[in-house]
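Down below is the structure, laid out as structure tokens.
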Amino acid sequence: DFGHSSELAFVVEPSDDIAVQEQPLILYCQVEGIQPITITWRKNGVMIVDSENAFMLANGSLYVSRFQRVRGDGSSDEGEYDCMAQNHYGLLVSRKAKIQAATMSDFHIHPQNAVVEEGGVARFQCQIHGLPEPVILWHKNSMPVNTDNERYTLLPKGVLQITGLRAEDSGIFHCVATNIANVKFSREARLTVSGSHSTVYKDPMILVGPENLTLTVHQTAVLECIATGNPRPIVSWSRLDGRPIGVEGIQVLGTGNLMISDLTVQHSGIYVCAANKPGTRVRRTAQGSLVVQAPAEFVQHPQSISRPVGTTAIFTCVAQGEPPPQITWLRNGQILETSDHIKLKNNNSTLSIYGINQADEAIYQCLAENSAGSTQASARLTVLWADGLPSPPQSVRAETVSATTIQVSWEKPLQNTKEIIGYVLHIRKAADPVEMEYQEAVSKSTFQQLVTDLEPSTSYSFYIKAYTSRGASKASEVTVVSTLGEVPAMPSLFIKVINSTTVQATWEPSIKLGQHEGFKLYYRKVHLSQYTGPVLLASNITAYNITHLDASVVYEVKLLAYNQHGDGNSTVRFVSLRETVERTVLNPPCDCMKDEQNNKTSTTGIIIGIHIGVTCIIFCILFLMFGYRGRLLMCKNVQEQLSTPQIPRSQRSATGLVLNGATRRDRDDRDLNGKQLDMNELERLFPASPSQEQQEKGIMSAHSLSAPHDETQISTLPLDEFSIIEEQPDPLPKNPHASSPAAPAPNHGSANEG
């Protein structure tokens, strides 16, 4: 009896249709399931009564003898139709079928006369509305246009394009629109082909770009794009989002119209038509959007289930479509209303029924609907009820024990108690939804349960079920009771000594304090029994100064929070001011302003000292560098002095002019060949004998005359600014003939060239 064939289900449902005026219409409806099954029909939610014009056939279909868009009484056969099927297990409603009358309006766009030069492009358009969509054909000179001609392109929306115009294309054109409702003819338009093909350059131009289209999946979309120019532009298509258009189902009509067959949702997007001048980057673009809708369809159907009394039943129904469908639930053909034990979640995709009973047994339907269409799916809930189950537990009572504990007690059922294996206590905050309920199981010999870890000042509901191996009893009566209020928790207390007669008590506000009305503060000398206080403080105050204290004794400070249920536990702290007094005597208070000024002065002195030190270091480094350079120059000038012949003072200026006037080539040679004099060369400049000394001086003099000098060094540090003291181990013999005019005899004293 619970097999697939027992489910009440539709084999054939009514579908959308377009009816012809004064013609018969049949709407089909076929159902399977356990008999007897009753089928009825509704239009726009109103039951249809059999009449001469509309009645139900034996197979359950609805027959309309003469469909009329508008009847004499103002009613219409157009509307939304559905059929309902009912048997012993419930009622089922089909999808809604939209029935419309076939119509055709007059042409609201007629073709217009056109004069186009030879080789150009001609475009005619006519537009008309109708149901179903009219088929539009074109005639030239009262004869159908030859569609085999590749230069003639007929688009579905009533557009005729002629490319590469020739003289024989001239003529009179009109269009013919046809559907099941009527046939209509447009006005005529004349095409005149003038002149010969022009060779003048023309920029590419798009005459007509794509329109915005909204279609349904599996239909065909035609995006028009017609361009002119000389030379003839190349038309290409792309998507604005950069995704490829693809090749499957894609076709180009004429010279640039894009046709997409068997549309899917993925074809939605903005399409760009580009007219490109051959061989260049000159281009013109136009764009249009394509929206593809998909009727609702189920991804997951609800499944029929069987559940024992008191348990939870869950149905899941997931649908997709474009735009996303709206989901509605029906119970036996009526819109399902939510309550404490019937909940809808996840955008109505999940139906949960808590604590089911026999009244919940029904057929539940999920309707998914969007602008592109609707669909339905159904499932049946069977509530299991076994004979011989216990009756509900009796005399359920709940008593408050504390702020967090309630004791629940009950008595055993009146009937069928032998098979009981235990009881289940169902607990829930009275303000919470049913799905927040939780359970505690107890043995069959237990008739009371202490429920702990509850919240203070909160109402709870309780009911009991007795369980057997074959199922549970019905729920007992529900009892509701509230927990006691709770006094606040202990606050955190801190004591800070301000001075010798004042302390500050501070505490931290905490959510753990619960609902408190304020704080009470007490203090006393430890050797006394009486407290000073209470000092009543509001709940938003977190500090209090206790003044006029005796510095020679120890104080006890006590703080507690209180509310309407009483005082909470107190927090106690001890404090002594004696150490503060002693510290004050030993360490008198400082002159803060003076210290601050001293600190500022010290800081300024440190900064000045650092600057002076850095300056001294820089001067020392510069002194060392220039001193080292001066020693090098001194050595070089000594070499020049010893190698240059000693001439009279009157001749020195001339020699200086010669040296300073050395040619650039001589200076360059010196730069290449000159070597710095080291200490070994200085030793060789002082010979052991006069003859050797004179000989070496002659050589050095010759070298000095042949080697160029650095004029910068000579002009900055002249030779006559230096003196040389020469020590000889042996006295030199006096030989007046050894003297040379260019090199006077050395003086064993001070040879000051200055």
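Quick note, the sequence shown lines up with residues 1 to 754 if you use UniProt numbering. We put the beta carbon where it would ideally sit given N, CA and C, even for glycine.
A buried status is given to residue 360, since no fewer than 16 other beta-carbon atoms sit within 10 Å of its beta-carbon.
Rounded to the nearest whole angstrom, the C-alpha separation of residue 333 and residue 93 is 6 Å.
If you draw a 10 Å sphere on the C-beta of residue 436, you find fewer than 16 other C-beta atoms in it, and that means exposed.
Annotation: the continuous beta strand (DSSP E) that includes residue 298 extends over 283-300. The alpha carbon of residue 546 has as its nearest neighbour, out of 525, 540, 561 and 564, the alpha carbon of 525.
Contact between the stretch 57-67 and the stretch 118-133 is absent: fewer than three C-beta pairs spanning the two stretches fall below 8 Å.
For residue 560, the enclosing beta strand (DSSP E) starts and ends at 554-563. Selection 268, 100, 177 and 226 evaluated against residue 215 yields 268 as nearest (Cα-Cα).
By the criterion of at least three beta-carbon pairs nearer than 8 Å, the stretch 216-224 is in contact with the stretch 292-308.
Closest in C-alpha terms to residue 287, from the list 212, 151 and 109, comes 212. For residue 174, the secondary structure class from DSSP, reduced to helix, strand or coil, is strand. Going by DSSP, residue 17 is part of the beta strand (DSSP E) stretching over 17-19.
Straight through space, the alpha carbons of residue 416 and residue 466 are spaced by roughly 10 Å. In the DSSP assignment, residue 544 falls within the unbroken beta strand (DSSP E) covering 543-546.
Cβ-Cβ distances below 7 Å link residue 249 to 260, 261 and 262 in the same chain, with the five nearest sequence neighbours on each side left out; the list follows chain order. Distances from the alpha-carbon of residue 96 to those of 79, 86 and 449 put 79 closest.
Less than 9 Å separates the beta-carbon of residue 25 from that of residue 77. Nearest in C-alpha terms to residue 362, of all of 494, 382, 351 and 375, is 382.
Comparing alpha carbon positions, the residue from 375, 376 and 414 closest to residue 389 is 414. Residue 174 is classed as buried because its beta carbon has at least 16 other beta carbons within 10 Å across all chains shown. Comparing alpha carbon positions, the residue from 557, 111 and 22 closest to residue 576 is 557.
Between residue 67 and the set 473, 103 and 462, the nearest pair of CA atoms involves 103.
Assigned with DSSP and collapsed to three states, residue 82 falls in strand. Annotated as distal: residue 394 and residue 448, with beta-carbon spacing of 9 Å or more. In the three-state reduction of the DSSP assignment, residue 426 falls in the strand class, which pools E and B. Residue 435 sits in a helix when the DSSP states are folded into three classes. C-alpha of residue 208 to C-alpha of residue 368: approximately 39 Å in a straight line. Here the alpha carbon of residue 433 sits roughly 8 Å from the alpha carbon of residue 341. Between residue 474 and residue 391, the gap from beta carbon to beta carbon is short of 9 Å.
Note that the C-beta distance between residue 351 and residue 315 is below 9 Å. Between the stretch 482-495 and the stretch 442-460 there are three or more inter-stretch CB-CB distances shorter than 8 Å, so the stretches are counted as touching. Contact between the stretch 234-247 and the stretch 174-186 is absent: fewer than 3 CB-CB pairs across the two stretches fall below 8 Å.
Burial of residue 126 is indicated by the presence of at least 16 other C-beta atoms within 10 angstroms of its C-beta. In the DSSP assignment, residue 473 falls outside any beta strand (DSSP E), carrying neither H nor E. The stretch 192-235 contains, as complete beta strand (DSSP E) runs of 3+ residues, the segments 202-208, 213-216, 221-223 and 226-230 (chain order). For the pair residue 304 and residue 380, the CB atoms are nearer than the 9 Å cut-off.
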